[in-house]
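Enquirer: This is the structure I have questions about; it appears just below.
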Amino acid sequence: MATNQLSGADAFVRMLQHHKVEIVFGLCGDTSLPLYDAFYRLDHGIKHILTRDERSASYMADGYARTSGKVGICEGPSGGGATYILPGVVEANESSIPILAVTTDIAVSSRGRYTLTELDQNALFRPLSKYNTVIDRAEDIPRTLRAAFQQMTTGKPGAAHLGLPFDVQKGPVDESDVWADPEMGSYPSRRYGPDPKDVEKAAELILAAKKPLFVCGGGVVIAGAEAILLKLAQALGAPVATTISGQGSIGEGDELSVGVVGSNGGVVETRAIVNSADLVIFIGCRAGSVTTERWRYPAPGSAKIVHIDADPMVPGAIYRTDATLIGDARVALEALYDAMEGEFKTHKPTTAWGSSVADAKRKKFEAFRALAQSNDTPIKPERVVATLNEILPEDSIIVCDPGTPCPYFSGYYEFLKPGRHFISNRAHGALGYSMAASVGAHYGRPSAKTVAIMGDGSFCFTAGEMETIARIGAPVTMIVISNSVYGWIKAGQKTGFDARYFSVDFSQTQHAKVAEAFGIKAFRVEDPAELKSVLKQATEYQGPTLVDIVCQPLHEARAPVSEWVA
Numbered sequence: 172m173a174t175n176q177l178s179g180a181d182a183f184v185r186m187l188q189h190h191k192v193e194i195v196f197g198l199c200g201d202t203s204l205p206l207y208d209a210f211y212r213l214d215h216g217i218k219h220i221l222t223r224d225e226r227s228a229s230y231m232a233d234g235y236a237r238t239s240g241k242v243g244i245c246e247g248p249s250g251g252g253a254t255y256i257l258p259g260v261v262e263a264n265e266s267s268i269p270i271l272a273v274t275t276d277i278a279v280s281s282r283g284r285y286t287l288t289e290l291d292q293n294a295l296f297r298p299l300s301k302y303n304t305v306i307d308r309a310e311d312i313p314r315t316l317r318a319a320f321q322q323m324t325t326g327k328p329g330a331a332h333l334g335l336p337f338d339v340q341k342g343p344v345d346e347s348d349v350w351a352d353p354e355m356g357s358y359p360s361r362r363y364g365p366d367p368k369d370v371e372k373a374a375e376l377i378l379a380a381k382k383p384l385f386v387c388g389g390g391v392v393i394a395g396a397e398a399i400l401l402k403l404a405q406a407l408g409a410p411v412a413t414t415i416s417g418q419g420s421i422g423e424g425d426e427l428s429v430g431v432v433g434s435n436g437g438v439v440e441t442r443a444i445v446n447s448a449d450l451v452i453f454i455g456c457r458a459g460s461v462t463t464e465r466w467r468y469p470a471p472g473s474a475k476i477v478h479i480d481a482d483p484m485v486p487g488a489i490y491r492t493d494a495t496l497i498g499d500a501r502v503a504l505e506a507l508y509d510a511m512e513g514e515f516k517t518h519k520p521t522t523a524w525g526s527s528v529a530d531a532k533r534k535k536f537e538a539f540r541a542l543a544q545s546n547d548t549p550i551k552p553e554r555v556v557a558t559l560n561e562i563l564p565e566d567s568i569i570v571c572d573p574g575t576p577c578p579y580f581s582g583y584y585e586f587l588k589p590g591r592h593f594i595s596n597r598a599h600g601a602l603g604y605s606m607a608a609s610v611g612a613h614y615g616r617p618s619a620k621t622v623a624i625m626g627d628g629s630f631c632f633t634a635g636e637m638e639t640i641a642r643i644g645a646p647v648t649m650i651v652i653s654n655s656v657y658g659w660i661k662a663g664q665k666t667g668f669d670a671r672y673f674s675v676d677f678s679q680t681q682h683a684k685v686a687e688a689f690g691i692k693a694f695r696v697e698d699p700a701e702l703k704s705v706l707k708q709a710t711e712y713q714g715p716t717l718v719d720i721v722c723q724p725l726h727e728a729r730a731p732v733s734e735w736v737a
C-alpha cells in the first residue's frame, strides 16, 4: 500500500475522529475484525464501550446523543447484529435524534454465494433511517461519511445507517480525501428559518388571540430554543404545555408551565387548558395521537393553529393550519419575537387565562400528593416519584422505559430546569430502553446524576447490560418498579375489555439479587417507610446501583393519564 493511502478501516476511524466523535458503543463480530484492528492500532482518542447486545449499543448511542448534542455512534456485525441494532435506529430516527449505526458486512466478493450472515442491509434499513447505504468501494468511505453526518445533523435530525463490507475495510483510500467539517458532528449543525411572510401572518394571529397556548414537542429542546420560547411566552402571557419528548422546553416550576398534555402523562386538568385555547401554537411537535388524545384535544376547528416544524410534511398532516412556519425552532421563534417586538410596547400580556394554569396544576398535584403520602403496601408509584423529586439534584437525568414509569414521571416529576433532563423512547415505545440509554446519557453529561427507571418487564429485556455497567463502573442508579405484570397492557385490558386479563402476568424476580450477581450494589424495598433512605443511599453511591421496589400494579392504581385506551 502506497504511503499516501490508508486502509478502508483506518480511513473510517479517521473520519469519525475528524467529526469529533468521542465514544462508540458496539459489539464485536467476524465481519468487524479489520475495523476493530484499526481502533486498536490508531491513535484516535475515541473510547469504545463493548456492549452485550447490539440493540443496547443503539440505545446507548441514542441516550448519548440526547444529552450531549452530538451524534451518537453504535456498531455491530453482519447478520444477527444488523437485525438486533434496528430497534434503536428506528427509535432515534422517529425521535429526530442523530445516531449513526455502522454494521459491518460480508465481503462484496462473497455476495450471492450463500455466505453466512448475508442479508440485504440496504433494503433492511431503507425505511427506518434518514440516510442509508452500504459502501461497496473503499474509496467512497470519506465522502459517504461526510454525507451521513450532514444528513443526520441538518434539517430535521435523524438516524443514519452505513454498511461496511469486510473487503471494503481492507481496500485503499487516498489519505488526502480523509477530511471533514467537525461542525457536522453536533446538531443542529446548519439552521434555517421560515419565510418572512409566514412569520408576519403567524404574528398577526398570535397578537389577536385572547388565549394563546404553546404546545412544544422535542423540536424545542433539540434546537436549544428554550430561552427564546420563555421570552416570547412571557411577553404574550401564554401558557406552555409540552409533549413527553418536549419536556425541558420550559422549567416546570414556571408559572406559565402547564406540564405534559395528552394521553400519556396528561390529566383531566391539563386537558381543560388545551380545550380553553383559542389559538394553539405547535412547535417541533407532530400533534400525534398521544399528544392530542387521538386528535380530539384540541378539537379540529375549535382553535386557530400555528404550526412550527423543521419537517415541511408535518404541519397540515393532522390539523388545518392558519399559519405554517418551516424551519429550526429557535430561528423561527426568534423571527416571531422580532416581528412582534414593536407591538409588545403597547400589547399587554394576556390576562384572559387568569389563574387557570395555577388552578389546573394545584388540582393535579393535590390528588397526586394524597397518594404519594400513602403508607400502603405494595408501595404506590406516586410515592416513588415524589421521593426521587425530593432527593435528586435539579440537573439530574431521568431515563424512563415507556411502560409503567413513563406516565408517572412525565406527569408528576417536576423538572424545574429547562433542557434535556427527561428521556423516554416515545416514538415506538420498545421495552428495554432505559438501562442501556442511561449509560449513553451518563457519558453525554457525566456531571449529572443519571437514573434509569424501568418496570420488571423491561428489566428482563436488558438485564445482561448490568455486566457492561459493572465493568465500566458507570455511576447510574437503576430503579425497578416490581409488580410482576406488564402493567400498561393490563390497565388497558381493565378499562377497555372488562378486565378480561390474558397473558400479562408473570412471576416475581429478586432483581436486587440478580444485580448483586453482576457485581452491582443493590437494594430491595417493600416498606414505604424505608424508601427515602434507601433511594438516598443508592443515588449518592459513587458506583452503579440498583433498587428493586415492590410496587402497586398499574391497573390497581389511580390512572395518571386522561385515558388508558385510545
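The sequence shown begins at 172 in our numbering and counts up by one. Idealized CB from N, CA, C, for every residue including glycine. Since this is a predicted model, take the numbers as computed values, not measurements.
Buried or exposed: where does residue 262 fall if 16 or more other Cβ atoms within 10 Å of its Cβ makes it buried?
Expert: Counting Cβ neighbours within 10 Å, residue 262 comes out buried, since at least 16 surround it.
Enquirer: Can you list, in chain order, the residues of its chain with a C-beta nearer than 7 Å to that of residue 697? Leave out the 5 residues immediately preceding and following it.
Expert: Only 548 and 721 meet the Cβ criterion.
Enquirer: Could you check what DSSP says for residue 639 in three-state terms: helix, strand or coil?
Expert: Helix.
Enquirer: Measuring straight from C-alpha to C-alpha, what distance separates residue 195 and residue 222?
Expert: Going by the C-alpha atoms only, they are around 10 Å apart.
Enquirer: Indicate whether residue 391 and residue 488 have their beta-carbon atoms separated by less than 7 Å.
Expert: No, the Cβ-Cβ distance between residue 391 and residue 488 is not below 7 Å.
Enquirer: Excluding the five sequence neighbours on either side, which residues of its own chain have a C-beta within less than 7 Å of the C-beta of residue 565, listed in chain order?
Expert: Contacts found: 587 and 588.
Enquirer: Compare the C-alpha of residue 646 against each of 711, 268 and 239 and name the closest.
Expert: It is 711.
Enquirer: So, for residue 189: in the same chain, excluding its five sequence neighbours on each side, which residues have a beta-carbon less than 8 Å away from its beta-carbon?
Expert: 349, 350, 351 and 353.
Enquirer: Quick one: what's residue 274 bridged to in DSSP?
Expert: In the DSSP output, where bridge partners are listed per residue, residue 274 has 247 and 334.
Enquirer: To the nearest whole angstrom, what separates the beta carbons of residue 604 and residue 230, a pair I think is in contact under 8 Å?
Expert: Yes, they are in contact, since the Cβ atoms of residue 604 and residue 230 sit about 5 Å apart, within 8 Å.
Enquirer: Specify, as a first and last residue, the run of the alpha helix (DSSP H) that residue 227 falls within.
Expert: First-last of the alpha helix (DSSP H) with residue 227: 225–239.
Enquirer: Skipping 5 residues on each side, what residues in its chain have a beta carbon closer than 8 Å to that of residue 315?
Expert: Around residue 315: 304, 306 and 333.
Enquirer: Given a cut-off of 7 Å, decide if residue 431 and residue 444 are closer than it, judged by their beta-carbon atoms.
Expert: Cβ distance not < 7 Å, so residue 444 and residue 431 don't count as in contact.
Enquirer: Near residue 733, what residues of its chain come up, given a Cβ to Cβ distance below 7 Å and the 5 sequence neighbours on each side ignored?
Expert: Reliability fails at residue 733, whose pLDDT of 39 lies under 50, so the model's placement of it is uncertain and the value that follows must be treated cautiously. Closer than 7 Å at the Cβ level, and outside the excluded window around residue 733, lie 434, 437, 438, 439, 442 and 464.
Enquirer: Measuring CB to CB, does residue 517 end up less than 7 Å from residue 703?
Expert: No, they are not a contact pair.
Enquirer: Please classify residue 205: is it buried, with 16 or more other beta-carbons within 10 angstroms of its beta-carbon, or exposed?
Expert: It counts as buried.
Enquirer: Would you identify the three-state DSSP class for residue 257, choosing helix, strand or coil?
Expert: If DSSP states are grouped into helix, strand and coil, residue 257 belongs with the helices.
Enquirer: Please state the DSSP three-state secondary structure of residue 629.
Expert: Helix at residue 629.
Enquirer: Take residue 191 and list the residues in its own chain whose beta-carbon comes closer than 6 Å to its own, dropping the five residues that flank it on each side.
Expert: 353 and 356, listed in sequence order.
Enquirer: Okay, do the region 408–426 and the region 616–628 touch, 3+ Cβ pairs below 8 Å being the bar?
Expert: Counting Cβ pairs under 8 Å, fewer than three are found: no touch.
Enquirer: To the nearest angstrom, how far is it from the Cα of residue 253 to the Cα of residue 387?
Expert: Looking at the two C-alpha atoms, the distance is approximately 34 Å.
Enquirer: Count the other C-beta atoms from every protein chain shown that fall within 10 angstroms of the C-beta of residue 282, then say buried if there are 16 or more, exposed otherwise.
Expert: With fewer than 16 other Cβ atoms within 10 Å, it is exposed.
Enquirer: Threshold first: 4 residues or longer. Then list the alpha helix (DSSP H) segments lying entirely within the region 346–423, N to C.
Expert: For the region 346–423, whole alpha helix (DSSP H) runs of length 4 or above, ordered along the chain, are 367–379, 389–394 and 397–407.
Enquirer: Is there a Cβ from chain C that is less than 7 Å from the Cβ of residue 414?
Expert: No chain C is present in this structure, which holds just one protein chain.
Enquirer: Is residue 684 buried or exposed, if buried means 16 or more other CB atoms sit within 10 Å of its CB?
Expert: Exposed, because fewer than 16 other Cβ atoms sit within 10 Å of the Cβ of residue 684.
Enquirer: Closest by CA to residue 407, which one among 363, 513 and 328?
Expert: For residue 407, the nearest C-alpha among the options comes from 513.
Enquirer: Please name the residue in 339, 511 and 213 whose C-alpha comes closest to that of residue 179.
Expert: Nearest option by C-alpha distance: 339.
Enquirer: Just to confirm the assignment, what range does the alpha helix (DSSP H) spanning residue 613 have?
Expert: Taken as a continuous stretch (DSSP letters only), the alpha helix (DSSP H) holding residue 613 covers 605–615.
Enquirer: Thinking C-alpha only, which one of 527, 555 and 528 is nearest residue 539?
Expert: Ranking 527, 555 and 528 by Cα distance to residue 539 puts 555 first.
Enquirer: Following the continuous beta strand (DSSP E) through residue 695, name the residue where it begins and the one where it ends.
Expert: Run containing residue 695: 692–696, per the beta strand (DSSP E) assignment.
Enquirer: Residue 596: buried (16+ other C-beta within 10 angstroms of its C-beta) or exposed?
Expert: Buried, because 16 or more other Cβ atoms sit within 10 Å of the Cβ of residue 596.
Enquirer: Is it buried or exposed for residue 644, if we count other Cβ within 10 angstroms and need 16 for buried?
Expert: Label assigned to residue 644: exposed.
Enquirer: Examine the Cβ distances between the region 230–241 and the region 201–218 and report whether three or more of them are shorter than 8 Å.
Expert: Short answer: they don't touch.
Enquirer: What separation, rounded to the nearest whole angstrom, lies between the Cα atoms of residue 375 and residue 478?
Expert: Cα-Cα distance, rounded: 14 Å.
Enquirer: Are the beta-carbon atoms belonging to residue 336 and residue 176 less than 7 Å from one another?
Expert: Going by C-beta atoms, residue 336 is not nearer than 7 Å to residue 176.
Enquirer: For residue 628, which of 680, 611, 593 and 666 has the nearest alpha-carbon?
Expert: Looking at the Cα atoms, 680 is the closest of the given residues.
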